[in-house]
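**Q** Under my numbering, the first residue of the sequence shown is numbered 1, with each subsequent residue one higher.
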Amino acid sequence: MIRIDKFLSQMQVATRSESKKLIKMKRITKNGVTVTDGGEKCDPQKDCICLDGTPIAYQEYHYLMLHKPAGCVTATEDRRDKTVMDYLPDNLRRGLSPVGRLDKDTEGLLLITDDGALNHSLLAPGRHVPKTYYARIQGIVTETDVTAFQEGLDIGEKKLTAPARLEILHVEEEEQVSEILVTITEGKFHQVKRMFQAVDKCVLYLKRLSMGSLHLDQELAPGAWRELTPEEISNLKEEAK
Ligand code: URA
Numbered sequence: 001m002i003r004i005d006k007f008l009s010q011m012q013v014a015t016r017s018e019s020k021k022l023i024k025m026k027r028i029t030k031n032g033v034t035v036t037d038g039g040e041k042c043d044p045q046k047d048c049i050c051l052d053g054t055p056i057a058y059q060e061y062h063y064l065m066l067h068k069p070a071g072c073v074t075a076t077e078d079r080r081d082k083t084v085m086d087y088l089p090d091n092l093r094r095g096l097s098p099v100g101r102l103d104k105d106t107e108g109l110l111l112i113t114d115d116g117a118l119n120h121s122l123l124a125p126g127r128h129v130p131k132t133y134y135a136r137i138q139g140i141v142t143e144t145d146v147t148a149f150q151e152g153l154d155i156g157e158k159k160l161t162a163p164a165r166l167e168i169l170h171v172e173e174e175e176q177v178s179e180i181l182v183t184i185t186e187g188k189f190h191q192v193k194r195m196f197q198a199v200d201k202c203v204l205y206l207k208r209l210s211m212g213s214l215h216l217d218q219e220l221a222p223g224a225w226r227e228l229t230p231e232e233i234s235n236l237k238e239e240a241k
């Protein structure tokens, strides 16, 4: 059982203070009866809470896609740095955590959820869903590198890295800069940067484009977020099985 004003803010119908106003204006009902006190409890699984007569769909978990900008850390709190959670509204932050980690200077797709089971299974060793990154690399990336990424690299771990797909998009010979796409199925610390170090190159810019079937929404500017669609959620759950 949770307070009705809390339910309204968790379902993103209104902030906690806006919820109070909606209740004062008699626009909220519980099972057909007008709610007069935001502190009244409801069982979101059983009770029908309506705004202006329209039922508010109950969503047990939240699944958000954030276009992580550079300059913030992937953590729920940090004493020094801005975190990815600072880009979300207060009423949504409680209980949510990022799935995996992007470095402070990495941009792109970050999934944030309070569905602990999905978070855990997407990251479980051996079941890492493929993640594709776009990168600008200092140095000329060659077909030899493509083969080395495919065969596995020594990045100082016990084992070589799992086969990764490296695609060369563009090489700027004069500036000695390459643009690439790389797809990895593991999530070791600084993995992409360490893989390029292993072939004597350096990542200048890194952006995650996708995680399994989930693609960064091109409409989201850095720092913007949106809820996943039901289809995106069910595809991800299928991949995490
Ligand atoms: N690999 C890296 O090196 N950094 C990231 O942020 C993600 C993958």
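Quick reminder that beta carbons are idealized off the backbone N, C-alpha and C, glycines included. In this text the structure is predicted, and so the values were computed from the model without any measurement.
Tell me whether His-67 counts as near ligand 1, meaning its Cβ is closer than 6 angstroms to at least one heavy atom of that ligand.
**A** The answer is no for His-67.
**Q** From the DSSP output, read off the bridge partner residues of Cys-50.
**A** Answer by DSSP bridge pairing, in chain order: Thr-29, Pro-55.
**Q** Going by other Cβ atoms of all chains shown within 10 Å of its Cβ, with 16 needed for buried, is Arg-80 buried or exposed?
**A** By the neighbour-count rule (16 or more Cβ atoms within 10 Å), Arg-80 is not buried but exposed.
**Q** Given this structure, state the Cα-to-Cα distance separating Val-35 from Ile-180, to the nearest angstrom.
**A** So the two alpha carbons sit approximately 57 angstroms from each other.
**Q** Measure the CB-CB distance between Lys-207 and Glu-107 and report whether it falls below 7 angstroms.
**A** Their beta carbons are under 7 angstroms apart, which means Lys-207 touches Glu-107 by this criterion.
**Q** Whole-angstrom Cβ separation of Gly-139 and Ser-178, contact assumed at under 8 angstroms?
**A** The pair is a contact, with the Cβ atoms about 7 angstroms apart (cut-off 8 angstroms).
**Q** Confirm, please, whether the CB-CB distance from Thr-74 to Met-270 is below 7 angstroms.
**A** Residue coverage of the chain in this structure runs from 1 to 241, which leaves residue 270 outside it and unanswerable.
**Q** What is the DSSP secondary structure of Leu-166, reduced to helix, strand or coil?
**A** Strand, per DSSP.
**Q** Verify whether the separation of the beta carbon atoms of Leu-64 and Glu-227 is less than 7 angstroms.
**A** Yes. Within cutoff.
**Q** Alpha carbon to alpha carbon, how far is Pro-89 from Thr-113? Give it in angstroms, no decimals.
**A** Answer to the nearest angstrom: the Cα atoms are 14 angstroms apart.
**Q** Tell me the DSSP bridge mates of Glu-227?
**A** Leu-64.
**Q** On the DSSP letters alone, give me the boundaries of the alpha helix (DSSP H) that Lys-24 sits inside.
**A** Unbroken alpha helix (DSSP H) run through Lys-24: 16-24.
**Q** So for Thr-36, helix, strand or coil by DSSP?
**A** Residue state, collapsed to three classes: coil.
**Q** Would you grab the beta carbon distance between Leu-166 and Phe-149 for me? Rounded to a whole angstrom, and I think it's under 8 angstroms.
**A** Right, their Cβ atoms sit about 4 angstroms apart.
**Q** Run the proximity test for Leu-209: is its beta-carbon closer than 6 angstroms to any non-hydrogen atom belonging to ligand 2?
**A** Ligands in the displayed structure: ligand 1; ligand 2 is not one of them.
**Q** CB-CB under 7 angstroms to Leu-66, same chain, minus the five flanking residues each way: which ones, in chain order?
**A** Around Leu-66: Val-84, Tyr-87, Leu-110, Ile-112, Trp-225.
**Q** Around the Cβ of Pro-44, are there at least 16 other Cβ atoms within 10 angstroms (buried) or fewer (exposed)?
**A** The residue in question, Pro-44, is buried, as its Cβ has 16 or more Cβ neighbours within 10 Å.
**Q** Is it the case that the CB of Thr-185 approaches a heavy atom of ligand 1 more closely than 6 angstroms?
**A** No; taking the cut-off as 6 angstroms, the Cβ of Thr-185 has no heavy atom of ligand 1 nearer than that.
**Q** Less than 6 angstroms separating the Cβ of Leu-181 from some heavy atom of ligand 1?
**A** It does not: the Cβ of Leu-181 is nowhere closer than 6 angstroms to a heavy atom of ligand 1.
**Q** Could you tell me the distance, in whole angstroms, from the CA atom of Lys-24 to the CA atom of Leu-8?
**A** So the alpha carbons of these two residues sit roughly 14 angstroms apart.
**Q** So which of Asn-91, His-170, Gly-53 has the shortest CA-CA distance to Glu-143?
**A** That would be His-170, whose Cα lies nearest to the Cα of Glu-143.
**Q** Any idea if Leu-102 is buried or exposed, counting beta-carbon neighbours within 10 angstroms, 16 or more meaning buried?
**A** It is buried - the Cβ of Leu-102 has at least 16 other Cβ atoms within 10 Å.
**Q** Using the beta-carbon count (16 or more within 10 Å), is Ile-28 buried or exposed?
**A** Its Cβ being crowded by 16 or more others within 10 Å, Ile-28 is buried.
**Q** Any idea which residues DSSP pairs His-190 with across the strands?
**A** Paired residue(s): none; His-190 is not in a bridge.
**Q** Please give me, in chain order, every unbroken run of the alpha helix (DSSP H) with length at least 4 that falls completely inside the stretch 75-119.
**A** Here the runs fully enclosed are 90-93.
**Q** Do Pro-69 and Pro-222 come within 7 angstroms of each other at the CB atom, strictly closer than that value?
**A** Yes, these two residues count as a Cβ contact at 7 angstroms.
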